[in-house]
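Novice: First, the structure itself, so that you have it in front of you.
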Ligand SMILES: [Ca+2]
Ligand SMILES: [Ca+2]
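Residue numbers (my numbering): 24 to 131.
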């Protein structure tokens, strides 16, 4: 009984030391890393909107992630859309036309 209590006490002491040590390290690192992290987060969030749009476009099964299959399917659909004469090749004219069409499509 007594040894069990002592054993528990020792374990608790070690845990307390570890917790203190970890807490001390975190407190030292927090100010500088937090600021850096926040700046990073803002940059990430700016790009995140674009990424989410892309995911919405590609994510067919809507699990919030784009699989290789979904990505490939999306790119193939894009290819077919751009390949106006359907010869299986994209030339400069088709790529140029596609861009002009999409931008003028918004204006109409
Ligand atoms: Ca998916
Ligand atoms: Ca073509």
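For every residue, glycine included, the Cβ atom is placed at its ideal position computed from N, Cα and C.
#1: If I follow the unbroken alpha helix (DSSP H) through residue 99, where does it start and stop?
#2: Near residue 120, what residues of its chain come up, given a Cβ to Cβ distance below 7 Å and the 5 sequence neighbours on each side ignored?
#3: When you get a sec, list the residues whose CB is within less than 6 Å of any heavy atom of ligand 1, chain order please.
#4: Applying the criterion that 16 or more other CB atoms from any shown protein chain within 10 Å of the CB defines a buried residue, is residue 89 buried or exposed?
#5: Mapping DSSP to helix, strand and coil, what is residue 83?
#6: Whole angstroms is fine: what's the gap from residue 96's alpha carbon to residue 57's?
#7: Is it buried or exposed for residue 81, if we count other Cβ within 10 angstroms and need 16 for buried?
Specialist: The answer reads as follows:
#1: In the chain shown, counting from the first residue as 1, residue 99 sits at position 76. Membership of residue 99 in the alpha helix (DSSP H) is indicated by the continuous run 91 to 105.
#2: In the chain shown, counting from the first residue as 1, residue 120 sits at position 97. Closer than 7 Å at the Cβ level, and outside the excluded window around residue 120, lie 107.
#3: In chain order, the qualifying residues are 82, 84, 86, 88, 89, 90, 93.
#4: Residue 89 sits at position 66 when you count from the first residue of the chain shown. By the C-beta density criterion, residue 89 is buried, having at least 16 other C-beta atoms within 10 angstroms.
#5: Along the chain shown, one-based indexing puts residue 83 at 60. The DSSP-derived three-state label of residue 83 is coil.
#6: Reading the chain shown from its first residue, position 73 is the one you call residue 96. Reading the chain shown from its first residue, position 34 is the one you call residue 57. Spanning the two alpha carbons is a distance of roughly 40 Å.
#7: As a first step, residue 81 is located in the chain shown; it is residue number 58 there, counting from the start. Buried, since its Cβ has 16 or more Cβ neighbours within 10 Å.
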